[in-house]
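Novice:
Here it is as C-alpha coordinates:
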(Lines of atoms letter the chains of each structure in order from A and count residues from 1; the text may use other names and numbers.)
(Lines give C-alpha, C1' and ligand atoms only; values in the text may rest on other atoms or scores of the structure.)
Protein backbone atom coordinates (compact mmCIF):
# COMPACT_ATOMS: atom_id res chain seq x y z
CA UNK A 1 0.00 0.00 0.00
CA UNK A 2 1.34 3.42 -0.92
CA UNK A 3 0.70 6.44 1.24
CA UNK A 4 2.24 9.27 3.20
CA UNK A 5 4.45 9.00 6.27
CA UNK A 6 3.81 12.10 8.39
CA UNK A 7 6.64 12.67 10.87
CA UNK A 8 5.69 14.94 13.75
CA UNK A 9 2.20 13.58 13.20
CA UNK A 10 0.85 14.78 16.55
CA UNK A 11 1.99 18.42 16.21
CA UNK A 12 -0.03 21.42 15.05
CA UNK A 13 0.84 20.93 11.39
CA UNK A 14 1.14 17.15 11.36
CA UNK A 15 -2.22 16.32 12.92
CA UNK A 16 -4.00 18.72 10.55
CA UNK A 17 -2.10 17.29 7.57
CA UNK A 18 -3.08 13.73 8.52
CA UNK A 19 -6.72 14.77 8.68
CA UNK A 20 -6.51 16.58 5.30
CA UNK A 21 -4.91 13.59 3.59
CA UNK A 22 -7.31 11.04 5.05
CA UNK A 23 -10.30 13.21 4.12
CA UNK A 24 -8.94 13.20 0.56
CA UNK A 25 -8.75 9.41 0.61
CA UNK A 26 -4.96 9.29 0.88
CA UNK A 27 -3.53 6.78 3.40
CA UNK A 28 -1.54 8.70 6.01
CA UNK A 29 0.68 7.12 8.65
CA UNK A 30 0.99 9.28 11.77
CA UNK A 31 4.56 8.98 13.12
CA UNK A 32 5.52 10.04 16.64
CA UNK A 33 7.56 8.90 19.63
CA UNK A 34 4.39 7.78 21.42
CA UNK A 35 1.87 6.56 18.82
CA UNK A 36 -1.77 6.35 19.83
CA UNK A 37 -2.96 2.78 20.23
CA UNK A 38 -6.40 3.82 18.99
CA UNK A 39 -5.01 4.83 15.57
CA UNK A 40 -4.22 1.70 13.51
CA UNK A 41 -2.10 3.80 11.15
CA UNK A 42 0.04 5.34 13.89
CA UNK A 43 3.65 4.22 14.09
CA UNK A 44 6.53 4.83 16.47
CA UNK A 45 9.23 7.12 15.11
CA UNK A 46 12.14 8.56 17.05
CA UNK A 47 14.97 10.55 15.48
CA UNK A 48 17.30 9.17 18.13
CA UNK A 49 16.39 5.56 17.34
CA UNK A 50 17.26 4.58 13.73
CA UNK A 51 15.62 1.18 14.23
CA UNK A 52 12.26 2.98 13.97
CA UNK A 53 13.01 4.34 10.48
CA UNK A 54 12.44 1.15 8.48
CA UNK A 55 9.06 0.16 9.96
CA UNK A 56 7.84 3.74 9.57
CA UNK A 57 8.87 3.88 5.90
CA UNK A 58 7.57 0.43 5.00
CA UNK A 59 4.79 0.63 2.42
CA UNK A 60 4.92 4.42 1.95
CA UNK A 61 5.98 6.35 -1.14
CA UNK A 62 5.73 9.92 0.20
CA UNK A 63 7.02 11.68 3.32
CA UNK A 64 6.20 14.81 5.25
CA UNK A 65 9.43 15.55 7.06
CA UNK A 66 9.52 17.56 10.28
CA UNK A 67 13.17 17.81 11.40
CA UNK A 68 14.01 17.48 15.10
CA UNK A 69 12.68 20.51 16.96
CA UNK A 70 14.72 22.64 19.35
CA UNK A 71 17.95 21.73 17.56
CA UNK A 72 20.31 24.15 15.85
CA UNK A 73 21.97 21.29 13.97
CA UNK A 74 19.46 18.60 12.92
CA UNK A 75 21.41 17.31 9.91
CA UNK A 76 23.33 14.54 11.73
CA UNK A 77 20.02 12.97 12.76
CA UNK A 78 18.13 13.57 9.52
CA UNK A 79 20.84 12.55 7.06
CA UNK A 80 20.72 8.79 7.79
CA UNK A 81 16.93 8.88 7.49
CA UNK A 82 17.20 10.59 4.09
CA UNK A 83 19.54 7.86 2.86
CA UNK A 84 17.12 5.19 4.02
CA UNK A 85 14.18 7.00 2.42
CA UNK A 86 16.03 7.12 -0.89
CA UNK A 87 16.75 3.38 -0.73
CA UNK A 88 13.06 2.80 0.00
CA UNK A 89 12.14 4.51 -3.28
CA UNK A 90 10.29 7.50 -1.87
CA UNK A 91 8.81 9.53 -4.74
CA UNK A 92 7.99 12.79 -2.96
CA UNK A 93 9.53 14.33 0.15
CA UNK A 94 8.10 17.54 1.60
CA UNK A 95 10.08 19.07 4.45
CA UNK A 96 8.72 21.69 6.81
CA UNK A 97 11.56 24.16 7.09
CA UNK A 98 11.64 27.71 8.34
CA UNK A 99 11.68 31.05 6.58
CA UNK A 100 13.91 32.17 9.44
CA UNK A 101 17.38 30.64 9.58
CA UNK A 102 18.51 30.34 13.17
CA UNK A 103 21.85 31.98 13.98
CA UNK A 104 24.64 29.45 14.50
CA UNK A 105 22.70 26.80 12.60
CA UNK A 106 25.33 25.77 10.06
CA UNK A 107 23.49 22.78 8.61
CA UNK A 108 20.11 24.39 7.86
CA UNK A 109 20.98 25.32 4.29
CA UNK A 110 22.71 21.98 3.68
CA UNK A 111 19.71 20.06 5.03
CA UNK A 112 17.37 21.92 2.67
CA UNK A 113 19.71 21.20 -0.23
CA UNK A 114 19.80 17.49 0.60
CA UNK A 115 16.01 17.32 0.72
CA UNK A 116 15.72 19.13 -2.60
CA UNK A 117 18.21 16.67 -4.12
CA UNK A 118 15.86 13.77 -3.29
CA UNK A 119 13.33 12.60 -5.92
CA UNK A 120 10.38 14.97 -5.60
CA UNK A 121 12.10 16.91 -2.82
CA UNK A 122 10.33 20.11 -1.72
CA UNK A 123 11.05 22.51 1.15
CA UNK A 124 8.24 24.59 2.65
CA UNK A 125 9.89 27.56 4.40
CA UNK A 126 7.18 28.56 6.84
CA UNK A 127 7.17 31.91 8.63
CA UNK A 128 6.26 32.29 12.30
CA UNK A 129 3.24 30.23 13.35
CA UNK A 130 0.11 31.97 14.57
CA UNK A 131 -0.34 28.95 16.85
CA UNK A 132 2.44 30.44 19.03
CA UNK A 133 -0.34 32.65 20.39
CA UNK A 134 -2.14 29.54 21.69
CA UNK A 135 -1.27 27.60 24.82
CA UNK A 136 0.90 25.74 25.74
CA UNK A 137 3.40 27.91 23.86
CA UNK A 138 5.27 30.21 26.31
CA UNK A 139 4.17 33.30 24.38
CA UNK A 140 0.53 32.33 24.85
CA UNK A 141 0.99 31.28 28.46
CA UNK A 142 2.27 34.77 29.31
CA UNK A 143 -0.65 36.42 27.54
CA UNK A 144 -3.04 34.17 29.46
CA UNK A 145 -1.43 34.81 32.86
CA UNK A 146 -0.34 38.45 32.57
CA UNK A 147 -2.03 39.86 29.44
CA UNK A 148 1.47 40.67 28.23
CA UNK A 149 3.79 39.99 25.30
CA UNK A 150 7.50 40.36 26.04
CA UNK A 151 9.58 40.81 22.92
CA UNK A 152 12.99 41.95 21.73
CA UNK A 153 11.63 42.40 18.20
CA UNK A 154 10.43 45.98 18.67
CA UNK A 155 8.12 47.02 15.82
CA UNK A 156 9.66 44.54 13.39
CA UNK A 157 7.24 42.49 11.32
CA UNK A 158 6.93 38.81 10.48
CA UNK A 159 4.71 37.09 7.90
CA UNK A 160 2.81 35.05 10.50
CA UNK A 161 1.05 31.99 9.06
CA UNK A 162 -1.65 29.65 10.36
CA UNK A 163 -0.43 26.04 10.71
CA UNK A 164 -3.66 24.97 9.02
CA UNK A 165 -2.52 26.76 5.87
CA UNK A 166 0.89 25.13 6.09
CA UNK A 167 -0.79 21.73 6.37
CA UNK A 168 -3.08 22.47 3.43
CA UNK A 169 -0.08 23.49 1.33
CA UNK A 170 1.74 20.28 2.22
CA UNK A 171 -1.39 18.21 1.50
CA UNK A 172 -1.66 19.71 -1.97
CA UNK A 173 1.85 18.46 -2.73
CA UNK A 174 1.51 15.06 -1.07
CA UNK A 175 -1.98 13.98 -2.06
CA UNK A 176 -1.22 13.78 -5.78
CA UNK A 177 2.18 12.80 -7.13
CA UNK A 178 1.15 14.28 -10.47
CA UNK A 179 1.21 17.82 -9.08
CA UNK A 180 4.08 19.78 -10.56
CA UNK A 181 6.08 21.40 -7.80
CA UNK A 182 8.98 23.73 -7.31
CA UNK A 183 11.71 22.69 -4.91
CA UNK A 184 11.14 25.65 -2.57
CA UNK A 185 8.14 27.64 -1.31
CA UNK A 186 8.02 30.52 1.15
CA UNK A 187 4.84 29.97 3.19
CA UNK A 188 3.41 33.05 4.94
CA UNK A 189 0.16 34.68 5.90
CA UNK A 190 -1.39 37.45 3.76
CA UNK A 191 0.52 40.27 5.45
CA UNK A 192 3.40 40.88 7.82
CA UNK A 193 2.60 41.87 11.39
CA UNK A 194 4.49 43.11 14.46
CA UNK A 195 3.88 42.01 18.05
CA UNK A 196 2.27 45.36 18.92
CA UNK A 197 -0.11 44.90 15.99
CA UNK A 198 -0.92 41.37 17.15
CA UNK A 199 -1.64 42.65 20.65
CA UNK A 200 -3.96 45.32 19.24
CA UNK A 201 -5.89 42.77 17.15
CA UNK A 202 -6.37 40.48 20.16
CA UNK A 203 -7.47 43.44 22.29
CA UNK A 204 -9.91 44.75 19.70
CA UNK A 205 -11.52 41.41 18.90
CA UNK A 206 -11.69 39.85 22.36
CA UNK A 207 -11.80 42.79 24.75
CA UNK A 208 -8.75 41.48 26.60
CA UNK A 209 -6.22 44.28 27.03
CA UNK A 210 -2.89 42.84 25.87
CA UNK A 211 0.16 45.04 26.34
CA UNK A 212 3.67 44.74 24.90
CA UNK A 213 6.80 44.93 27.02
CA UNK A 214 9.95 45.61 25.02
CA UNK A 215 12.96 43.77 26.42
CA UNK A 216 16.58 43.06 25.47
CA UNK A 217 17.67 40.02 23.51
CA UNK A 218 19.54 38.66 26.54
CA UNK A 219 16.38 38.85 28.66
CA UNK A 220 14.47 36.92 26.02
CA UNK A 221 17.13 34.19 25.92
CA UNK A 222 16.89 33.86 29.71
CA UNK A 223 13.11 33.56 29.49
CA UNK A 224 13.41 30.81 26.88
CA UNK A 225 15.84 28.90 29.09
CA UNK A 226 13.48 29.27 32.02
CA UNK A 227 10.72 27.67 29.93
CA UNK A 228 12.89 24.59 29.48
CA UNK A 229 14.57 25.22 26.13
CA UNK A 230 18.17 24.03 25.65
CA UNK A 231 20.64 26.88 26.20
CA UNK A 232 21.98 26.99 22.64
CA UNK A 233 18.52 26.90 21.09
CA UNK A 234 17.22 29.55 23.52
CA UNK A 235 20.03 31.93 22.51
CA UNK A 236 19.45 31.32 18.81
CA UNK A 237 15.69 31.87 19.11
CA UNK A 238 16.22 35.12 20.99
CA UNK A 239 18.67 36.28 18.32
CA UNK A 240 15.95 35.74 15.71
CA UNK A 241 14.08 38.65 17.26
CA UNK A 242 17.02 40.91 16.46
CA UNK A 243 16.57 40.00 12.80
CA UNK A 244 12.86 40.73 13.01
CA UNK A 245 13.56 44.10 14.64
CA UNK A 246 15.98 44.95 11.85
CA UNK A 247 13.36 44.12 9.19
CA UNK A 248 15.03 41.02 7.79
CA UNK A 249 11.90 38.84 8.19
CA UNK A 250 9.36 41.30 6.78
CA UNK A 251 8.27 39.22 3.80
CA UNK A 252 5.08 37.66 2.45
CA UNK A 253 4.31 35.33 -0.44
CA UNK A 254 1.37 34.00 -2.46
CA UNK A 255 2.44 30.35 -2.13
CA UNK A 256 -0.58 29.23 -0.07
CA UNK A 257 -2.92 30.60 -2.75
CA UNK A 258 -0.81 29.02 -5.47
CA UNK A 259 -0.82 25.59 -3.84
CA UNK A 260 -4.30 25.41 -2.33
CA UNK A 261 -6.38 27.72 -4.51
CA UNK A 262 -7.38 29.95 -1.58
CA UNK A 263 -5.64 32.78 0.25
CA UNK A 264 -4.04 32.20 3.65
CA UNK A 265 -5.90 33.16 6.80
CA UNK A 266 -5.27 36.60 8.27
CA UNK A 267 -4.42 36.94 11.96
CA UNK A 268 -7.77 38.57 12.67
CA UNK A 269 -9.52 35.44 11.34
CA UNK A 270 -7.22 33.26 13.43
CA UNK A 271 -8.10 35.24 16.57
CA UNK A 272 -11.80 34.96 15.76
CA UNK A 273 -11.48 31.18 15.37
CA UNK A 274 -9.77 30.88 18.76
CA UNK A 275 -11.44 33.71 20.66
CA UNK A 276 -11.98 31.54 23.74
CA UNK A 277 -8.22 31.37 24.23
CA UNK A 278 -8.15 35.00 25.37
CA UNK A 279 -11.59 35.42 26.93
CA UNK A 280 -11.27 32.69 29.55
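Residue numbers (my numbering): 47 to 326. A virtual CB, placed ideally from N, CA and C, is assigned to each residue, including glycine.
Can you tell me where the beta strand (DSSP E) holding residue 322 begins and where it ends?
Specialist: Residue 322 -> not in any beta strand (DSSP E); alpha helix (DSSP H) instead, spanning 322-325.
Novice: Output yes or no for whether 8 angstroms exceeds the beta carbon distance between residue 241 and residue 197.
Specialist: Yes, these two residues count as a Cβ contact at 8 angstroms.
Novice: Return the chain-ordered list of same chain residues with a C-beta closer than 7 angstroms to the C-beta of residue 132, the five sequence neighbours on each side being excluded.
Specialist: Within the same chain, residue 132 has close Cβ partners 164.
Novice: Give every residue of the same chain whose Cβ lies closer than 8 angstroms to the Cβ of residue 211, excluding the five residues on either side of it in the sequence, and list them in chain order.
Specialist: 233, 235, 302, 306, 310, 311
Novice: Who are the Cβ neighbours of residue 190 in its own chain at under 7 angstroms, not counting the five residues just before and after it?
Specialist: Cβ within range, chain order: 181.
Novice: Measure the alpha-carbon distance for residue 313 versus residue 297 and round it to whole angstroms.
Specialist: 15 angstroms
Novice: Under 8 angstroms by Cβ, that's how I've got residue 194 and residue 160 pegged, so tell me the actual separation to the nearest angstrom.
Specialist: With 8 angstroms as the limit, residue 194 and residue 160 do not qualify as a contact, their Cβ atoms being about 41 angstroms apart.
Novice: By DSSP's criteria, residue 201 is part of a beta bridge. Which residues make up the other side?
Specialist: Bridge partners of residue 201: none, in fact.
Novice: Taking 8 angstroms as the threshold (C-beta atoms), are residue 316 and residue 176 in contact?
Specialist: yes
Novice: What does residue 108 pair with, by DSSP beta-bridge criteria?
Specialist: 50, 138
Novice: One question on the structure: do residue 252 and residue 206 come within less than 8 angstroms of each other, judged by their Cβ atoms?
Specialist: no
Novice: Quick one, which of 150, 154, 135, 149 has its alpha-carbon nearest residue 143's?
Specialist: 154
Novice: Work out the CA separation of residue 137 and residue 48 for me, nearest whole Å.
Specialist: 10 angstroms
Novice: Which stretch, first to last residue, makes up the alpha helix (DSSP H) that contains residue 286?
Specialist: Boundaries of the alpha helix (DSSP H) harbouring residue 286: 277-291, taken from the DSSP string.
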